[in-house]
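Count along the sequence shown from 1, add 31, and you get the number used in the working numbering.
Taking it in order: structure first as structure tokens, then the write-up.
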Amino acid sequence: MRLYDTVKMSFQGIAVHKNRSLLTILGIVIGIMSVVAVMSIGQSAEGLIVGQIERFGPTNIFVLPGREPQGPNDAAGTLLNDSMKIKDFEDLQKKENVPQAVRVIPYAFGFVQASYGGDTYDGMLIGSTAYSLKNWDLTVEEGRYYDDEDVETRARVVVLGNKVKEELFGNDFAVGEKVKIKDQNFTVIGVLASEGQGSFVDFNKALVAPYTSVQENILGNRYFNRIIVEAESIDAVTGVIKDIKTLLRNNHNIDSPDKDDFFIQTQEQLANRVKTVTGILTVLLASVAAISLLVGGVGIMNIMLVSVTERTKEIGLRKALGATNGNVMTQFLFEALSLTLLGGILGIAFGALLTWGASWAAKQFAELDLPFAFSLNGMFLALAVSFGIGIGFGFFPAVKAARKDPVESLYYE
């Protein structure tokens, strides 16, 4: 029998029971859709976070206080560590200590309550130098950003994130007004333009001010939560890291790397760490979603077994007319394979649609600039799994059909 005839008869067998065929592939569709969506959304999230990291540029080196965290609890501890002193920041700025560094940007931050009139807002207050505007690639929508003079004079000025301005002032003009932060009056000199939420800080919901006034008037401390050192080139990054370690160990009287009370991260390290974490999470979630594929495969096998029983006479008639066991087996195997591949194609389409919907919803409701990404690996995996399920779960019913005795089949009621 020609392959064309086998394929034609397989599709005829599927078309006779359209509703049953659609219900049969439903489990496959849901499973493939879930796998594709999880892998695509994971790729989108990775792109968002890595994109935020890359905003700093490859020459930026992050110096953080405390031991390098090994888990979420350790990470929280770095925010409270006070090992990064003002003297460290001042020494890092000296050319003789770090010759290949072109800029040092400190960051001190904490959560505060800001109030204006009868309205209050709880958010993050970030203190840094004037260069933080460029460092974070921010845009001022109203007024201006604070400058070096504001930092030197410890000016009580603040720039509001877009959401902070809306909460405290609504549609009113905020520049020139005073907000109260920890019983201290700060003059609003600017409002940041609205932007998608970043992976580190959502500046829409933050307040930014000179680090000198933040430390002296609000936080009441003399240490930094982060220091970013910008190297003069990518090739200089390794040398700058070495100089930073030498300086800080001397300042902190550390005689062994095992006793370091600071750690250093580069953009490449952060990006690789993010990719590793998102990759692991994506695989785990996709594995959970793939369980439904097994359920769908069992459904395919059950329906094909029912189909074999219902079509016993048909099988007997075909064998009486000269069809071989191989012809019958190929027909039923192709039917199972067609059902699963159709389910795979529909699942890929719905998975892409679900991913697009998640991206749209993130932008509309969470103000998260989650880019749409379609995972080609997920698509190829889905097609391969569909093919495997069709062969694996269709084989037993196909063999059972092929082994039926033609005489007994013709007399089957």
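We put the CB at the ideal spot given by N, CA and C, even for glycine.
Since we're looking at a predicted model, the values are computed, not measured.
Item checked: Integer Cβ distance of Asp138 from Arg280, believed to fall under 8 Å -> Locating residue 138 in the sequence shown gives position 107, counting from the first residue. Locating residue 280 in the sequence shown gives position 249, counting from the first residue. Note that residue 138 is Tyr in the sequence shown, not Asp. In fact, because the Cβ distance is near 22 Å, the residues do not count as touching under 8 Å.
Item checked: Between the CA atoms of Gly221 and Ser159 - distance to the nearest angstrom -> Translated into the one-based positions of the sequence shown, residue 159 becomes position 128. Translated into the one-based positions of the sequence shown, residue 221 becomes position 190. Spanning the two alpha carbons is a distance of roughly 15 Å.
Next item on the list: Could you say if the region 301-313 and the region 48-58 meet the contact criterion of at least three C-beta pairs nearer than 8 Å?
Entry: no
Next item on the list: Tell me, to the nearest whole angstrom, how far the beta carbon of Gly382 is from that of Met115; I am working on the premise that it is less than 8 Å.
Entry: Counting from 1 along the sequence shown, the entry for residue 382 is found at position 351. Counting from 1 along the sequence shown, the entry for residue 115 is found at position 84. About 45 Å; that fails the 8 Å criterion.
Checklist line | The beta strand (DSSP E) enclosing Ser146, as first and last residue numbers | finding: Stepping through the sequence shown from its first residue, residue 146 is reached at position 115. First-last of the beta strand (DSSP E) with Ser146: Ala132 to Tyr147.
Margin query: Counting C-beta neighbours from all protein chains within 10 Å, is the total for Asp203 16 or more, i.e. buried, or is it exposed?
Written below: Your numbering for residue 203 matches position 172 in the sequence shown. The residue in question, Asp203, is exposed, as its Cβ has fewer than 16 Cβ neighbours within 10 Å.
Check: Alpha carbon to alpha carbon, how far is Val271 from Leu95?
Finding: One-based indexing of the sequence shown puts residue 271 at position 240. One-based indexing of the sequence shown puts residue 95 at position 64. Between Val271 and Leu95, the C-alpha separation is close to 15 Å.
Notebook entry, point to check: Under the three-state reduction of DSSP, which class applies to Phe93: helix, strand or coil?
Noted result: One-based indexing of the sequence shown puts residue 93 at position 62. Three-state result, Phe93: strand.
Check: How would you label Arg175, buried or exposed, when you count the other beta carbons within 10 angstroms and need 16 or more for buried?
Finding: Position 144 of the sequence shown holds residue 175. Exposed, since its Cβ has fewer than 16 Cβ neighbours within 10 Å.
Check: Are Ala302 and Thr90 close, meaning C-beta to C-beta below 8 Å?
Finding: If you number the sequence shown from 1, residue 302 lands on position 271. If you number the sequence shown from 1, residue 90 lands on position 59. No, these two residues do not count as a Cβ contact at 8 Å.
Next item on the list: Using 10 angstroms around the beta-carbon of Asn166, count the other beta-carbons present and answer buried if the total reaches 16, otherwise exposed.
Entry: In the sequence shown, the residue the question calls residue 166 occupies position 135. It counts as buried.
Check: Can you give, in chain order, each stretch of the alpha helix (DSSP H) that sits fully within the region 379-439 and has at least 4 residues?
Finding: 407-433
Notebook entry, point to check: Whose C-alpha, out of Thr218, Phe363, Leu199 and Ser287, is nearest the C-alpha of Phe424?
Noted result: Mapped onto the sequence shown, residue 424 falls at position 393. Answer by Cα proximity: Phe363.
Margin query: Rounded to whole angstroms, what is the Cα-Cα separation between Asn205 and Leu325?
Written below: Start at 1 with the first residue of the sequence shown, and residue 205 comes out as number 174. Start at 1 with the first residue of the sequence shown, and residue 325 comes out as number 294. Sequence inspection shows Ala at residue 205; the Asn mentioned does not correspond to that position. Taking the straight line from one Cα to the other gives about 59 Å.
Notebook entry, point to check: Got a sec? Which residues, its chain only, sit under 7 Å from Ala68 by beta carbon, not counting five neighbours each side?
Noted result: For the purposes of this step, residue 68 is taken as the residue at position 37 of the sequence shown. Same-chain partners within the cutoff: Gly382, Leu385 and Thr386.
Next item on the list: Check the C-beta distance from Val268 over to Thr313 and give it rounded, since I have them as a contact under 8 Å.
Entry: On the sequence shown, residue 268 is found 237 positions in, with the first residue counted as 1. On the sequence shown, residue 313 is found 282 positions in, with the first residue counted as 1. Not confirmed; about 29 Å, so no contact.
Checklist line | Under 8 Å between C-beta atoms of Val195 and Gly207 | finding: On the sequence shown, residue 195 is found 164 positions in, with the first residue counted as 1. On the sequence shown, residue 207 is found 176 positions in, with the first residue counted as 1. No, the pair does not count as a contact, with Cβ atoms beyond the cut-off.
Margin query: Given this structure, state the Cα-to-Cα distance separating Lys273 from Asp291, to the nearest angstrom.
Written below: The residue you call residue 273 lines up with position 242 of the sequence shown. The residue you call residue 291 lines up with position 260 of the sequence shown. The alpha-carbon atoms of Lys273 and Asp291 are separated by roughly 13 Å.
Check: Ends of the alpha helix (DSSP H) at Thr184?
Finding: As a position in the sequence shown, residue 184 is number 153, starting the count at 1. Counting along the chain, Thr184 falls outside any alpha helix (DSSP H), and DSSP gives it neither H nor E.
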